[in-house]
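**Student:**
Residue numbers (the numbering used here): -8 to 284.
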């Protein structure tokens, strides 16, 4: 029996991982004599072609018989399709889940892609600099066209989500205590996946680690609890000597919180020693010798 499709110059599009008899039967009824799951091997990679010879088709059709023309071959390809902006945006919104976002697609890969599920994981989204949140970035995605098989794609986008952010209402100098009027919560558009903001009560009463300009975000890593001992301030030094408690005055040369070790200079001798912070402007050392030396 002559299988007509083998004489056709075009190729058969196969969407699955394997070339099955049902794929061929959909184009030529002659293959319907074979069990639908008859396996003719793997489909080619996207963009490639695979040619099946008459001999290979006969061998894999056994014990069923197909009458093939001598030298006949069948060409198999994976179906390809162009990407569309609508499809890109839908996949991006799926990654952002319920987070409302403004997505602007400025450019994307124009090469046809295999049929499959389009994915844009958040891990593939580049982040613009904090000073220019609206700068376009590349979002790398992929098409999953078979189990464990992906085809890369990309898009140049501007993605912004609505979020709350704690910002400075005025310029805040480094090591400055933060008061209630120094910060406020505002609604902003920002790139997704940024640091988690803090509430005003988490910043008020703390000190800035560095200067923060008015309008800039106040992130958790930019504030810290005030230190009980500051560099350059006078501290009360307590020394336990047997049953006696000796107190003197020193000058802190490093800052620290309760439980931390700081460097203190003996105000009388100018000698330096280490002491443990015990309270506001208070430190203690283990022996008199440490203070006197």
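Think of the CB as a built atom: it goes at the ideal place given N, C-alpha and C, for glycine as much as any other residue.
Does residue 78 have its Cβ less than 8 Å from a Cβ in chain C?
**Tutor:** This model lacks chain C altogether; it includes just one protein chain.
**Student:** For the region 174 to 188 against the region 145 to 164, are there 3 or more C-beta pairs whose distance is under 8 Å?
**Tutor:** In short, these stretches touch, since the Cβ pair count reaches three.
**Student:** Across the region 43 to 63 and the region 72 to 79, are there enough close Cβ pairs to call them in contact, namely three or more that are closer than 8 Å?
**Tutor:** Flag = no, the region 43 to 63 and the region 72 to 79 do not touch.
**Student:** Can you look up residue 286 in the DSSP assignment and give me helix, strand or coil?
**Tutor:** The chain is shown only over -8 to 284; residue 286 falls outside these bounds and no answer can be derived.
**Student:** When you compare each of 171, 242, 168, 170 to residue 263 by their alpha carbons, which one comes out closest?
**Tutor:** If we check each option's Cα against that of residue 263, 242 comes out closest.
**Student:** Would you mind reading off the limits of the beta strand (DSSP E) that contains residue 238?
**Tutor:** Segment 235 to 243, the beta strand (DSSP E) holding residue 238.
**Student:** From the DSSP output, in three-state form, read off residue 176 for me.
**Tutor:** Strand at residue 176.
**Student:** Taking the CB atoms as reference points, tell me whether residue 163 and residue 195 lie closer together than 8 Å.
**Tutor:** Their beta carbons are not under 8 Å apart, which means residue 163 does not touch residue 195 by this criterion.
**Student:** Using 8 Å as the threshold, is the region 132 to 145 in touch with the region 163 to 172, meaning 3 or more CB pairs across them?
**Tutor:** Result no; under three Cβ-Cβ pairs closer than 8 Å.
**Student:** Let me make sure I understand the geometry here. Which of 266, 208, 84 has the alpha-carbon closest to that of residue 227?
**Tutor:** Out of 266, 208, 84, 266 has the C-alpha closest to the C-alpha of residue 227.
**Student:** Quick check on the DSSP output: the beta strand (DSSP E) that includes residue 265 runs from which residue to which?
**Tutor:** Where residue 265 is concerned, the enclosing beta strand (DSSP E) stretches over 263 to 270.
**Student:** Identify the continuous alpha helix (DSSP H) that holds residue 6 and give its terminal residues.
**Tutor:** Careful: residue 6 lies outside any alpha helix (DSSP H) and carries neither H nor E.
**Student:** Just how far apart, CA to CA, sit residue 253 and residue 191?
**Tutor:** Their Cα atoms are separated by approximately 30 Å.
**Student:** Flag this pair as touching only if the region 130 to 140 and the region 97 to 114 have three or more C-beta atom pairs under 8 Å; answer yes or no.
**Tutor:** With a cut-off of 8 Å, the region 97 to 114 and the region 130 to 140 count as touching, because enough Cβ pairs lie within range.
**Student:** Rounded to the nearest angstrom, what separates residue 7 and residue 38 at their Cα positions?
**Tutor:** So the alpha carbons of these two residues sit roughly 14 Å apart.
**Student:** Going by C-alpha to C-alpha distance, which of 239, 210, 83 sits closest to residue 306?
**Tutor:** For the chain, the structure presents residues -8 to 284; residue 306 sits outside this window and is missing.
**Student:** By DSSP's criteria, residue 153 is part of a beta bridge. Which residues make up the other side?
**Tutor:** Answer is 180, bridged to residue 153.
**Student:** On the criterion of 16 or more Cβ atoms from any shown chain inside 10 Å, does residue 168 qualify as buried, or is it exposed?
**Tutor:** Exposed, since its Cβ has fewer than 16 Cβ neighbours within 10 Å.
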